[in-house]
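Residue numbers (my numbering): 28 to 309.
Think of the CB as a built atom: it goes at the ideal place given N, C-alpha and C, for glycine as much as any other residue.
Computed from a predicted model, the values in this text were never measured in an experiment.
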Ligand code: AMP
């Protein structure tokens with residue numbers, strides 16, 4: 028496995044592979060790997076002749092009051108795990124290499140970036156779309172793999188690829204949970220034992236919602252009322268949103284009549300957690 032830091036070298040390596048007719052699979056990440064990241068890499072390993080994983084904590088997707096500085100990092104461990112899976116290249120540029128002095132170009136994916144997390148994290152998806160487009164240009168993947176954990180991000184990237192006619196196939200893969208249901212996240216290390224216990228109620232609420240919808244509930248308002256007790260925890264969970272959206276347009280739904288995603292963002296202590304689940308009507 029090779030560790031590449033220079034964007035130019037990454038691009039050259041990709042061009043060389045492409046000239047040989049090799050299929051490049053790509054998993055963009057911010058590192059501090061857990062089983063969710065590894066599941067994307069394992070899928071990429073099966074799909075591509077070459078597998079690139081990027082590790083880049085992208086400053087442009089963090090707000091001024093967010094956790095950029097304390098975001099967990101462990102490059103050595105990440106590289107060990109990547110190597111075990113058979114990753115060919117770990118691409119890990121510095122912020123200065125990605126955004127040198129004078130940098131001023133950004134990608135805005137408009138409508139699908141507005142709701143859900145976009146309403147609470149202004150410019151977050153602009154930072155995400157921008158860095159992903161840059162990474163695509165450097166890694167030149169045929170296939171790019173994202174987790175459904177960040178459901179809105181997946182929709183934003185798919186929209187960007189379509190709108191800008193990018194020659195890359197975007198694949199969304201299932202959300203991986205801890206044994207007790209908590210959605211895996213690098214940010215889970217922020218949680219104290221008591222916070223982690225309370226945070227479990229997020230996934231419990233989602234599972235309950237799926238049950239209620241399977242049993243015939245169609246009203247999002249009634250769903251919200253039924254789920255409210257799950258957020259009455261100690262320490263307190265504070266909801267940013269609990270919203271049911273159309274899986275492709277992310278338009279907010281009041282009635283569930285076809286496939287829909289229930290998406291939740293909640294804060295506990297200093298930590299913001301997101302989770303989502305597919306709701307299916309029978
Ligand atoms: P991150 O390092 O958090 O930016 O995530 C990198 C990629 O891993 C993104 O496509 C995420 O959606 C995906 N990912 C993060 N957590 C999970 C999870 N629990 N299950 C599946 N994919 C995940």
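Partner residues in the beta bridge of residue 80, as assigned by DSSP, are 54 and 117. Put simply, of 219, 29 and 132 the residue whose alpha carbon is nearest the alpha carbon of residue 262 is 219. For the pair residue 82 and residue 51, the Cα-to-Cα distance works out to about 17 angstroms. Counted as a single uninterrupted DSSP element, the stretch harbouring residue 291 is not any alpha helix (DSSP H) but the beta strand (DSSP E) occupying residues 287-295. Distance between residue 236 and residue 253, taken at the CA atoms: about 8 angstroms. Nearest C-alpha to residue 61 among 304, 305 and 212: 212. With 16 or more other Cβ atoms inside 10 Å of its own Cβ, residue 175 counts as buried. With a cut-off of 7 angstroms, the C-beta of residue 195 is classified as distant from ligand 1, since no heavy atom of the ligand falls inside that distance. Taking 8 angstroms as the cut-off, the Cβ atoms of residue 166 and residue 79 count as close.
Look at residue 119: its beta carbon is at least 7 angstroms from all of the heavy atoms in ligand 1. At a cut-off of 7 angstroms, the beta-carbon of residue 81 does not count as near ligand 1: no heavy atom of the ligand is closer than that. By the criterion of a C-beta distance shorter than 8 angstroms, residue 181 is surrounded in its chain by 173, 174, 175, 197 and 199, once the five residues flanking it on both sides are discounted.
The count of Cβ pairs closer than 8 angstroms, one atom from the segment 28-37 and one from the segment 117-124, reaches three, so the stretches are in contact.
Taking C-alpha positions only, residue 68 is separated from residue 202 by approximately 13 angstroms. Rounded to whole angstroms, residue 116 and residue 28 show a C-alpha spacing of 6 angstroms.
Cβ neighbours of residue 49 within its own chain (closer than 7 angstroms, five residues either side excluded): 76 and 77. Of the other Cβ atoms in all chains shown, fewer than 16 fall within 10 Å of the Cβ of residue 43; this residue is therefore exposed.
Between residue 187 and the set 210, 168, 302 and 155, the nearest pair of CA atoms involves 155.
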